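Undergrad: Got a structure for you, written out below as structure tokens; questions coming shortly.
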Amino acid sequence: MAKFLMICVMLMACGVAGAMSKRIALTSELENLGHFIDVFHEQVGKYPQTWGELEKINPGLDGTFSTLQPTQRMILMSPPIELPRRYGGGIALAITREPFRPQGWTQWPITWTSREFLKDPSYALLVSVDGRVLLRYVPPATTRSIFEAAGVALPEPSGLGPFPYEKNFMMRRSFSWAAIVAFSSWLIWLLVRRIQKKRTIRGSRWA
Numbered sequence: 141m142a143k144f145l146m147i148c149v150m151l152m153a154c155g156v157a158g159a160m161s162k163r164i165a166l167t168s169e170l171e172n173l174g175h176f177i178d179v180f181h182e183q184v185g186k187y188p189q190t191w192g193e194l195e196k197i198n199p200g201l202d203g204t205f206s207t208l209q210p211t212q213r214m215i216l217m218s219p220p221i222e223l224p225r226r227y228g229g230g231i232a233l234a235i236t237r238e239p240f241r242p243q244g245w246t247q248w249p250i251t252w253t254s255r256e257f258l259k260d261p262s263y264a265l266l267v268s269v270d271g272r273v274l275l276r277y278v279p280p281a282t283t284r285s286i287f288e289a290a291g292v293a294l295p296e297p298s299g300l301g302p303f304p305y306e307k308n309f310m311m312r313r314s315f316s317w318a319a320i321v322a323f324s325s326w327l328i329w330l331l332v333r334r335i336q337k338k339r340t341i342r343g344s345r346w347a
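The numbering used here applies: residue 141 is where the sequence shown begins, and numbers increase by one.
So this is what it looks like as structure tokens:
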């Protein structure tokens with residue numbers, strides 16, 4: 141049982157480390173994609189309207205951005221949507237096809253270890269503000285209001301389902317609960333065995 145618990149802890153630690161790298165990869169890829177669009181704008185004098193235009197300068201986008209898979213999970217706005225000031229202003233250039241749950245992290249104050257969690261669902265928007273492409277996470281209700289005000293329909297879902305790190309998070313959480321249940325059952329079994337042993341000893345004394 142002790143070895144089983146050690147294996148559980150090691151797997152959980154490896155899972156958190158792997159998830160952190162995935163989180164960094166996704167955020168980094170979204171920001172780098174914005175940089176690619178910014179470079180395209182500087183070279184061509186306009187923002188790309190299709191992924192094919194962008195791939196002429198940067199071929200193999202899905203290979204370069206393997207976690208994001210932009211040509212499948214995002215669309216380029218054509219024409220771009222101007223955002224109202226109450227939503228931060230700027231021009232929306234690209235958006236994910238469906239909302240997803242970005243990862244967040246908190247640090248425990250005593251051990252300073254990171255705890256992983258999933259935030260509320262959001263769309264990822266690449267927005268041009270003063271000539272610089274920035275990443276924004278926007279709640280679905282807000283995104284819907286922006287698109288309705290612009291008279292533009294939200295993009296069709298990609299059909300790819302959750303991002304891999306979302307699935308992995310749910311699997312790790314299920315595994316963690318299973319480990320907790322197993323450990324609790326083991327403690328209860330030890331307690332019951334100890335009580336039975338004491339009763340047996342007392343019974344032999346009175347016999």
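Using N, Cα and C, we set each Cβ at its ideal position, and we do this for glycine too.
Please read all numbers here as calculations on a predicted model, not as lab measurements.
1. Helix, strand or coil for A232? Go by DSSP, reduced to three states.
2. Quick check on the burial criterion: 16 or more other C-beta atoms within 10 angstroms. Buried or exposed for R213?
3. Within the stretch 232 to 286, note down every full beta strand (DSSP E) run reaching 3 residues or more, in order along the chain.
4. Is the stretch 330 to 337 in contact with the stretch 252 to 272, if contact means three or more CB pairs nearer than 8 Å?
5. When DSSP builds the beta bridges, which residues end up paired with I215?
6. What first and last residue would you give for the alpha helix (DSSP H) that runs through K186?
7. Tell me whether A232 is buried or exposed, calling it buried when 16 or more other Cβ atoms sit within 10 Å of its Cβ.
8. Per DSSP, what are the beta-bridge partners of I221 in this structure?
9. Rank P210, T204, R255 by C-alpha distance to the C-alpha of T190 and give the top, closest one.
10. If I'm right that T207 touches A165 with Cβ under 8 Å, what's the distance once you round it to whole angstroms?
11. How is F303 classed by DSSP in three states: helix, strand or coil?
12. For T167 and Y227, which I take to be in contact (beta-carbon distance under 8 Å), what is that distance rounded to the nearest angstrom?
13. Report the rounded CA-to-CA distance for G134 versus E222, giving the unit in angstroms.
14. Should K338 be counted as a contact of the ligand MG given a C-beta to heavy atom distance under 8 Å?
15. Nearest to F293 by CA position, among P280, T340, P304, G299, is which residue?
TA: So, from the listed chains and residues:
1. Here residue 232 refers to the residue found at position 92 of the sequence shown. Of the three classes helix, strand and coil, the one that applies to A232 here is strand, per DSSP.
2. For the purposes of this step, residue 213 is taken as the residue at position 73 of the sequence shown. It is buried - the Cβ of R213 has at least 16 other Cβ atoms within 10 Å.
3. Here the runs fully enclosed are 243 to 247, 254 to 258, 263 to 269, 272 to 278.
4. These segments do not touch.
5. The count along the sequence shown starts at 1 and reaches residue 215 at position 75. Listed as beta-bridge partners of I215 by DSSP are I235.
6. Residue 186 sits at position 46 when you count from the first residue of the sequence shown. Counting along the chain, no alpha helix (DSSP H) covers K186, and no H or E run does either.
7. Sequence index remark: in the sequence shown, residue 232 carries index 92 (1-based). With 16 or more Cβ atoms within 10 Å of its Cβ, A232 is classed as buried.
8. For the purposes of this step, residue 221 is identified with residue 81 of the sequence shown, where counting begins at 1. A232.
9. Taking the first residue of the sequence shown as position 1, residue 190 is located at position 50. The residue among P210, T204, R255 with its C-alpha nearest the C-alpha of T190 is P210.
10. Position 67 of the sequence shown holds residue 207. Position 25 of the sequence shown holds residue 165. Between T207 and A165 the beta-carbon gap is near 5 Å, inside 8 Å, which marks them as a contact.
11. The residue labelled residue 303 in the question sits at position 163 within the sequence shown. Of the three classes helix, strand and coil, the one that applies to F303 here is coil, per DSSP.
12. Counted from its first residue, the sequence shown places residue 167 at position 27. Counted from its first residue, the sequence shown places residue 227 at position 87. For T167 against Y227, the beta-carbon gap comes to about 21 Å, at or over 8 Å, which does not count as contact.
13. For residue 134 there is no data in the structure shown, the boundaries of the chain being 141 and 347.
14. Summarising the ligand content, the structure contains no ligands, and the ligand MG is consequently not present.
15. Position 153 of the sequence shown, counted from the start, is the residue given in the question as residue 293. First, the residue type needs correcting, since residue 293 is Ala and not Phe in the sequence shown. Distances from the alpha-carbon of A293 to those of P280, T340, P304, G299 put P280 closest.
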